[in-house]
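Remarks on the structure that follows.
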Amino acid sequence: MRHGISLPPFGELAEPAVVAELAVAAEQAGWDGVFVWDHVMRPADETEIIGSPTVTLAAIAAATSRVRFGAMVT
């Protein structure tokens, strides 16, 4: 069995560099995967920034060497 973490793209986690740091920490801790939310539906009046999953996944790829990663689309 493999284990991974799932991270929403809100708040501090909207910043790809922050998620990449968490991915490195997860990899070092032995986690097998890091996944980011892709399909996000928010109220029209919501103004909080939502991070780009594509850019975030690129940051994870550049920062890690073993961990699997991807976008979570439900």
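First residue of the sequence shown? That's 1113 in my numbering, and the numbers climb one at a time after it.
Beta carbons: idealized from backbone N, C-alpha and C, even for Gly.
{"query": "Enclosing beta strand (DSSP E) for valine 1148 [first to last residue]", "result": "1145-1149"}
{"query": "Residue of Val1130, Leu1125, Ile1162 minimising C-alpha distance to methionine 1153", "result": "Ile1162"}
{"query": "Coarse secondary structure for proline 1172, derived from DSSP in three states", "result": "Inspection of the sequence shows that residue 1172 is occupied by isoleucine rather than by proline. In this structure, isoleucine 1172 counts as helix in the three-state DSSP scheme."}
{"query": "Where alanine 1156 sits in the DSSP three-state scheme", "result": "coil"}
{"query": "Sub-8 angstroms separation of aspartate 1150 and alanine 1183 beta-carbons", "result": "yes"}
{"query": "For glycine 1123, three-class secondary structure by DSSP", "result": "helix"}
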